[in-house]
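Shown next, in structure tokens, is the structure this report addresses.
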Amino acid sequence: MFRDFIQRLEYQLRQALPGEAAQFSMAPVSRQRIKQIPSENYNPKKSAVLILLFPQGGSIRTVLIQRPEYDGVHSGQIAFPGGKFEFNDIDLMQTALRETTEEIGVAPEGIIIIGSLTELYITPSNFLVQPFIGYVTEEPQFLMDPREVQSILTTDVFKLNSKVGEKVILQSGGYKIKTPYYDIEGFTVWGATAMIISEFNAVIKSTTSF
Numbered sequence: 014m015f016r017d018f019i020q021r022l023e024y025q026l027r028q029a030l031p032g033e034a035a036q037f038s039m040a041p042v043s044r045q046r047i048k049q050i051p052s053e054n055y056n057p058k059k060s061a062v063l064i065l066l067f068p069q070g071g072s073i074r075t076v077l078i079q080r081p082e083y084d085g086v087h088s089g090q091i092a093f094p095g096g097k098f099e100f101n102d103i104d105l106m107q108t109a110l111r112e113t114t115e116e117i118g119v120a121p122e123g124i125i126i127i128g129s130l131t132e133l134y135i136t137p138s139n140f141l142v143q144p145f146i147g148y149v150t151e152e153p154q155f156l157m158d159p160r161e162v163q164s165i166l167t168t169d170v171f172k173l174n175s176k177v178g179e180k181v182i183l184q185s186g187g188y189k190i191k192t193p194y195y196d197i198e199g200f201t202v203w204g205a206t207a208m209i210i211s212e213f214n215a216v217i218k219s220t221t222s223f
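Structure representation (structure tokens):
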């Protein structure tokens, strides 16, 4: 099952991606009005995340992390492993692999990258994120870096589409934002991560059509 799914997914990732239409179905209400990347003084921080797939029993799972609480726009949020491009990274794929190793302890040598999704601009932090998709052939032994990760959660990839509806999120500084969200393993997943998941879900759905 796992190998067949990976083959179908890899094929589908070579086709035209669902892109912005899928992403913005899960965008915060305020962001839905701002679909275009700013054209003036636009100098985003390049970054990458990894959707890491692995088999567990008869299921296909992926891993997300909860960011630590801090005084910032992404405090405590659920995300995929990843982070900012560093000067010694060869490319964004290496960024995703390096950050995955640093944050959850999965060695890059065992990760096979099969494709990527549509890049996504994160307005509040001025990050331009490139999501990659990869897999390992066995369930990883995670080693969390507590400086960057508060907790690790894994879930079945076919349960990522657990859209609940909309809610008001209270951000740092008392700012409230209305947004659609997913309930994944009891965690509220919204914002950029939900937008990435939405496109990934659309790709997964396409794999069942052939």
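Under my numbering, think of the first position of the sequence shown as 14, with each following residue one higher.
Heads up, the beta-carbon is just placed ideally off N, CA and C, and yes, glycines get one too.
Span of the beta strand (DSSP E) holding residue i?
| i | result |
| --- | --- |
| Ser72 | 72–79 |
| Ile126 | 125–129 |
| Gln69 | 58–69 |
| Glu23 | It is not in any beta strand (DSSP E) - Glu23 instead sits in the alpha helix (DSSP H) that spans 15–26. |
| Tyr134 | 133–135 |
Under the three-state reduction of DSSP, which class applies to residue i: helix, strand or coil?
| i | result |
| --- | --- |
| Ala40 | coil |
| Leu105 | helix |
| Gln90 | coil |
| Glu116 | helix |
| Ile197 | strand |
| Val142 | strand |
| Gly95 | strand |
| Glu179 | strand |
| Leu166 | strand |
Against chain B, does residue i count as a neighbour if the rule is that its beta carbon must be under 8 Å from one of theirs?
| i | result |
| --- | --- |
| Glu198 | In summary, chain B is missing from the structure at hand, where a single protein chain is found. |
Please return the same chain residues whose Cβ sits closer than 7 Å to the Cβ of residue i, not counting the five positions on each side in sequence.
| i | result |
| --- | --- |
| Glu116 | Ile78, Pro94, Asp158, Glu161, Val162 |
| Arg21 | Thr220 |
| Lys218 | none |
| Phe15 | Pro68, Ile73 |
| Ile165 | Val76, Ile78, Ile117, Phe155, Met157 |
| Val42 | Lys191, Thr192 |
| Ala205 | Leu133, Ile135, Val142 |
| Ala109 | Ala61, Val62, Leu63, Gly95, Phe145 |
| Ala35 | Ser211, Glu212, Ala215 |
Since residue i and residue j are thought to touch, with beta carbons under 8 Å apart, how far apart are those beta carbons, to the nearest angstrom?
| i | j | result |
| --- | --- | --- |
| Tyr134 | Pro57 | 6 Å |
| Ser129 | Gln143 | 6 Å |
| Ile146 | Ile127 | 6 Å |
| Gly123 | Val149 | 5 Å |
Grab the span of the alpha helix (DSSP H) containing residue i for me, first residue to last.
| i | result |
| --- | --- |
| Tyr188 | Unbroken run through Tyr188: none, as it is neither H nor E. |
| Thr206 | 204–220 |
Leaving out five residues before and five after residue i in sequence, what residues of the same chain have Cβ atoms less than 8 Å from its Cβ?
| i | result |
| --- | --- |
| Thr114 | Ala120, Pro121 |
| Gly178 | Pro193, Tyr194 |
| Asp169 | Ser72, Ile73, Arg74 |
Enumerate in chain order the residues of its own chain whose CB-to-CB distance from residue i is below 6 Å, with the five nearest sequence positions on each side excluded.
| i | result |
| --- | --- |
| Lys176 | Tyr195 |
| Asn174 | Asn214 |
| Thr167 | Arg74, Val76 |
| Phe18 | Ile73 |
Looking at C-beta atoms only, is the number of pairs between the segment 210–219 and the segment 14–34 that lie closer than 8 Å three or more? yes
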